[in-house]
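Protein chains in written order, with the working numbering: chain A, 122 to 440; chain B, 1272 to 1648; chain C, 94 to 425.
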């Protein structure tokens, strides 16, 4: 139909030429892993950005708290105490942007410093829960059989108790509630969740074709578990960890609120502040308002981040 | 695939009376066994060094289970698998793992059989490490580059991840992974069925080139008779857990002896309108019976248009060679001679409804899909 | 004979915020005459399924743009209101899908799914509908149909499910049936049964059938005319005998050469098409046109990467190629 064109004269690069060049470029470039892929998706997701901003601000504030806070958390100021009465708590005034709390301490400084406690409890509780949960889940998922049966029955028992009730009972068991007991109580609640989640994902991995492929290649069992099953099963666990940070903060606040938290009055903690503000709700609602907002905002931040992470890691969303 | 089969080549793989029965259990804990799925039931076959043996059959015939049982990826219920003279059916643990170097597998779905989190380099070098074939990072990398080149992957593939490749390229990665440990036998389970038609031919050509160059032995398992016949020296036709006919691939088309083979051959659509208009179809009635309750006698008798009143439903036929048939051509049918000579005419068969859920007459399991799940349908 | 269905310059583009449009179907035109079996053949991603969904107006409402015209009896289906289209679906045109299990409702007995169509579109009473449903099941070759009416989809085999689906599609004696890979999920012996059934039904009822498949073998035995799709465009169309005897487009030619033949000598090297659909060029781009198949084409010329080939008619054949396979070579 069409004869081949003579191409003696130089011709502009065609689509095909450009394509060839692009292919050559690609050949030089390094591949992109799934993790890198997920990260890029995360960066483009507005939900993730909102979550990250909230969480980032929170972390920043809690790290810099001693420098940001104008005053100490424990010191009661005479100029505040002077006007402090059971039916009136002084509001904002020079030097004290949020006014006084019920004991004549600087409410603003306490709010700032409390972020530290909250982050500490949230992060440690989640980390401890994660470590033990992953350990149990990985063992159950990798070995199966009776190891799996025993471990899973135990986690089932723990799971069947409502989480807050479990945390309360654990915290109540200790003679003297302290920050450590709060962390342990909250961590223990999340252990069975992580364990179950990882075990399920591990079992799914165990049945997967690529694990079968590794087995048939003659890869050692330990390498299969550590290189193939665990990394592929961790996705949902990481997402859950982010979400657990939020619930841990809420749980810790709830424990404090119920009087099972850290007894040290010198330490500020949002949950405890909220609990104490109860008595003065009609006198000065701001005392309850600010800690409540702070808890909700931080929990929201972690939840948004977790949801965005779930979306980014979800293989079904991948094209 | 390779030249004419060398009849005197030594056997590399001998399978004898192999059976895989999956228990069907009921109950919450451990459960009691209420029946068995007879996925493989008494299969014997021999694969000689350097040849390609093709296994063909429809879904549920047990061909994939057979492949996995041979590779000890599924525990056989009984029977022997001899690889290079050594019985591997009883091997366990570390001994089995080390032996795996010599028999490798290529999977159907190249996406799911490659770990999405590993780069191609790490996927390929894994085999080297596992079998102590590593000769230092530099030498390994050189070897892997050669391998990647040999299977026709683009330069720079080593640093990339499975999801960055097309389906055909992923299958090439799967083949490279199998090859990197220098195996003798490769079991390819539906190596091209997940690929587009235009890409299938590339992979089939690659497999045959590699066989020529490396002297590999293949066991190719597929549902597509045309593909199997094309790549294989000998073909075994499976039906419901057993091999009903085994023949050199040219003879299978020229002289099909088992009624099922005939039906299968006539059902494969030909990309040729003239041939399609000319040919006579043998339409089988009904569906494959459940492997949990296989028919008595000849497994095919419920759908066989040549079924006779005697023997078919009572006596299970043994594979045998008919008089005048090509060497290596065996058929498991009581009436093969009579059918071949036209002394028995095909007749109408009423479709037997196969109830997928209630295959077990008594105590059908709650989870109705278990039978299919086991068979990977 | 006037055409029953005329698809003209159909374009389907999938839109996603923040990303350029993906053109799945790129100006496809074909027609179907009453009682005719027309094949749409191509590999995954060629746009054959999207075409069929566009004809049925079953594409999701958001995220895509459909242009062109789909005329049935001279009426543009794309211009119909949703309710008018719903009325026509099932009555005038219906569809059979690839996966019969997911197209049937798993919690409703098969019989009820058939009678539902009968009572809705044909206004039948319950008992009459049940009788008719049993008759339909019998007609598509389901044994013991009266009892089967009460079976659930999971109690049937794949082949039987596909038969039940065909019965539902036929319930209102549509004049056009679209079958999207109806046998891909089935075994060959079952596939033979279903193809046989479809052929019979077309002969008996005079329904036109659009057969969508990737399998050239299925097309060869069944279709009157065949459209070969590549990257969203029809690259070749011909009568089936003509197409298989002398494929002119290098893609069709390559596809036929790459299939192992059951009746050919085994073991020969297959004439594979190089590359994959990932290598395709865009048919039309701001920088200029091209033939999408160029990077994979053994007959590609310079012009192929520069100018979009037009669809040219020669007799009954339609061809979109700058350098088609000569007839003699194609016949070999």
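We treat Cβ as the ideally placed atom computed from N, Cα and C, and that holds for glycine.
Measure the C-alpha to C-alpha separation of residue 1478 (chain B) and residue 1471 (chain B) and round it to an integer number of angstroms. Numbered from its first residue, the second chain carries residue 1478 (chain B) at position 207. Numbered from its first residue, the second chain carries residue 1471 (chain B) at position 200. Going from the Cα of residue 1478 (chain B) to the Cα of residue 1471 (chain B) covers about 11 Å.
Pick from B:1303, B:1291, B:1293, B:1314 that is closest to residue 1285 (chain B), judged by C-alpha positions: Here residue 1285 (chain B) is taken as the residue at index 14 of the second chain, counted from 1. Out of B:1303, B:1291, B:1293, B:1314, B:1314 has the C-alpha closest to the C-alpha of residue 1285 (chain B).
Assuming residue 1310 (chain B) contacts residue 1381 (chain B) under a Cβ cut-off of 8 Å, what Cβ separation, rounded to an integer in Å, is found between them? Position 39 of the second chain holds residue 1310 (chain B). Position 110 of the second chain holds residue 1381 (chain B). Contact flag wrong, Cβ pair sits at about 24 Å.
In chain A, what lies closer than 9 Å to residue 1474 (chain B) by C-beta? For the purposes of this step, residue 1474 (chain B) is taken as residue 203 along the second chain, with counting starting at 1. None at all; the shortest Cβ gap to chain A is about 17 Å.
Give the secondary structure of residue 332 (chain A) by DSSP, where H, G and I count as helix, E and B as strand, and everything else as coil. Mapped onto the first chain, residue 332 (chain A) falls at position 211. Helix.
Note down, in chain order, each residue of its chain lying with its Cβ closer than 8 Å to the Cβ of residue 1648 (chain B), except the 5 sequence neighbours on either side. Here residue 1648 (chain B) refers to the residue found at position 377 when the second chain is read from its first residue. Legend: pLDDT at residue 1648 (chain B) = 33, less than 50; position of this residue unreliable, value from coordinates given subsequently. Within its own chain, the residues whose Cβ lies closer than 8 Å to the Cβ of residue 1648 (chain B), once the five positions on either side in sequence are excluded, are 1330, 1331, listed in chain order.
Residues of the region 1477-1509 of chain B with Cβ closer than 7 Å to any Cβ of chain A, in chain order: Going along the region 1477-1509 of chain B in chain order, one finds no residue with a Cβ nearer than 7 Å to chain A.
Looking at the C-beta of residue 1293 (chain B), does it have a partner C-beta in chain A at a distance below 8 Å? Taking the second chain and counting its residues from 1, one reaches residue 1293 (chain B) at position 22. It does not; no Cβ of chain A falls within 8 Å.
In this structure, how does DSSP classify residue 400 (chain C) when only helix, strand and coil are distinguished? Locating residue 400 (chain C) in the third chain gives position 307, where the first residue counts as 1. Coil at residue 400 (chain C), not helix or strand.
Residue burial classification, residue 320 (chain C) (beta-carbon count within 10 angstroms, cutoff 16): Locating residue 320 (chain C) in the third chain gives position 227, where the first residue counts as 1. Its Cβ being crowded by 16 or more others within 10 Å, residue 320 (chain C) is buried.
Just verifying my parser: in three-state terms, what is the DSSP assignment at residue 1495 (chain B)? Your numbering for residue 1495 (chain B) matches position 224 in the second chain. If DSSP states are grouped into helix, strand and coil, residue 1495 (chain B) belongs with coil.
Buried or exposed for residue 373 (chain C), going by 16 or more other Cβ atoms inside 10 Å? Mapped onto the third chain, residue 373 (chain C) falls at position 280. Under the 10 Å beta carbon count, residue 373 (chain C) is surrounded by 16 or more other beta carbons and is classified as buried.
What residues from the region 1370-1401 of chain B come within 7 Å of chain A, judged by C-beta to C-beta, listed N to C? For the region 1370-1401 of chain B, residues whose beta-carbon sits nearer than 7 Å to a beta-carbon of chain A comprise 1371, 1372, 1375, 1376, 1378, 1380, 1383, 1384, 1385, 1386, 1387, 1388, 1390, 1397, 1398, 1401.
For a contact defined as C-beta to C-beta under 9 Å, what are the partners of residue 277 (chain A) on chain B? As a working mapping, residue 277 (chain A) is identified with position 156 in the first chain. Here the premise fails: no neighbours, minimum Cβ distance about 13 Å.
For residue 169 (chain A), I'd like the list of residues in its chain whose CB is within less than 6 Å of its CB, leaving aside the five on either flank, ordered along the chain. Walking along the first chain from the start, residue 169 (chain A) turns up at place 48. Excluding sequence neighbours, residue 169 (chain A) sits near 163, 429.
Short of 9 Å Cβ to Cβ, which residues in the region 1525-1552 of chain B face chain D? You won't find chain D in this structure, because its protein chains are A, B and C.
Which bits of chain A does residue 1318 (chain B) rub up against, with CB to CB less than 8 Å? Residue 1318 (chain B) sits at position 47 when you count from the first residue of the second chain. Those do not exist, as residue 1318 (chain B) stays about 17 Å from chain A at its closest Cβ, beyond 8 Å.
Tell me whether the region 1429-1448 of chain B and the region 1384-1400 of chain B touch, counting them as touching only if at least three CB pairs, one residue from each stretch, are closer than 8 Å. These segments touch.
Over what stretch of residues does the alpha helix (DSSP H) that includes residue 1531 (chain B) continue unbroken? One-based indexing of the second chain puts residue 1531 (chain B) at position 260. For residue 1531 (chain B), the uninterrupted alpha helix (DSSP H) segment begins and ends at 1530-1538.
Cβ of residue 1427 (chain B) within 7 Å of any heavy atom in the ligand ATP? The ligand ATP is absent from the structure shown, which contains no ligand whatsoever.
Assign residue 1578 (chain B) to buried or exposed, taking buried as 16 or more other Cβ atoms, counted over all protein chains shown, within 10 Å of its Cβ. Taking the second chain and counting its residues from 1, one reaches residue 1578 (chain B) at position 307. It counts as buried.
When C:295, C:181, C:383 are compared against residue 233 (chain C), the one with the closest alpha-carbon: Working through the third chain from its first residue, we reach residue 233 (chain C) at position 140. When the alpha-carbon of residue 233 (chain C) is set against those of C:295, C:181, C:383, the nearest one is in C:295.
Would you check if there are 3 or more beta carbon pairs closer than 8 Å linking the region 1366-1376 of chain B to the region 1416-1432 of chain B? Touching, no, given that fewer than three Cβ pairs across the two stretches are closer than 8 Å.
Would you mind working out which of C:337, C:414, C:159, C:276 sits nearest residue 107 (chain C), comparing C-alpha positions? As a working note, residue 107 (chain C) is residue 14 in the third chain. Per the Cα distances, C:159.
Decide yes or no for the touch test of the region 225-240 of chain A against the region 308-321 of chain A: beta carbon pairs closer than 8 Å, at least 3 of them. No, they do not touch.
Mind the definition here: the region 395-415 of chain C touches the region 1502-1518 of chain B only if three or more C-beta pairs lie below 8 Å; say whether that holds. They do not touch, by the three-pair rule.
Quick check on the DSSP output: what are the complete beta strand (DSSP E) runs of length 3 or more inside the region 1343-1428 of chain B, in order along the chain? If you keep only unbroken beta strand (DSSP E) runs of at least 3 residues inside the region 1343-1428 of chain B, you get 1349-1354, 1374-1377.
When you compare only the Cα positions, how much space is there between residue 1438 (chain B) and residue 309 (chain C)? Taking the second chain and counting its residues from 1, the one referred to as residue 1438 (chain B) is at position 167. Taking the third chain and counting its residues from 1, the one referred to as residue 309 (chain C) is at position 216. For residue 1438 (chain B) and residue 309 (chain C), the distance between alpha carbons rounds to 20 Å.
Which whole-angstrom value is the C-beta distance of residue 133 (chain C) and residue 322 (chain C), which I expect to be below 8 Å? Residue 133 (chain C) sits at position 40 when you count from the first residue of the third chain. Residue 322 (chain C) sits at position 229 when you count from the first residue of the third chain. With a contact defined as Cβ atoms closer than 8 Å, residue 133 (chain C) and residue 322 (chain C) qualify at about 6 Å.
Do you know offhand how far residue 122 (chain C)'s Cα is from residue 330 (chain C)'s? Translated into positions along the third chain, residue 122 (chain C) becomes position 29. Translated into positions along the third chain, residue 330 (chain C) becomes position 237. For residue 122 (chain C) and residue 330 (chain C), the distance between alpha carbons rounds to 11 Å.
Starting from the beta carbon of residue 1463 (chain B), find every residue of chain A whose beta carbon is closer than 8 Å, and list them in chain order. As a first step, residue 1463 (chain B) must be located in the second chain, where it is residue number 192. From the beta-carbon of residue 1463 (chain B), no residue of chain A is found nearer than 8 Å; the closest lies around 16 Å away.
Can you name the residues that DSSP bridges to residue 88 (chain C)? Summary: the structure shown does not reach residue 88 (chain C), with chain C confined to residues 94 through 425, and so no result is reported for it.
Residues in its own chain within less than 6 Å of residue 1565 (chain B) by CB, not counting five upstream and five downstream? Position 294 of the second chain holds residue 1565 (chain B). Cβ within range, chain order: 1309, 1511.
Does any C-beta atom of chain B lie closer than 8 Å to the C-beta of residue 153 (chain A)? One-based indexing of the first chain puts residue 153 (chain A) at position 32. Closer than 8 Å: yes.
Quick one: which unbroken beta strand (DSSP E) runs of 3-plus residues sit fully inside the region 339-418 of chain C? Chain order, please. Inside the region 339-418 of chain C, DSSP marks whole beta strand (DSSP E) runs of 3 or more residues at positions 405-407, 410-412, from first to last along the chain.
Check the Cβ-Cβ distances between residue 334 (chain A) and every residue of chain B, and say whether any is below 8 Å. To locate residue 334 (chain A), count along the first chain from 1; it is residue 213. Yes - at least one Cβ of chain B is within 8 Å of the one on residue 334 (chain A).
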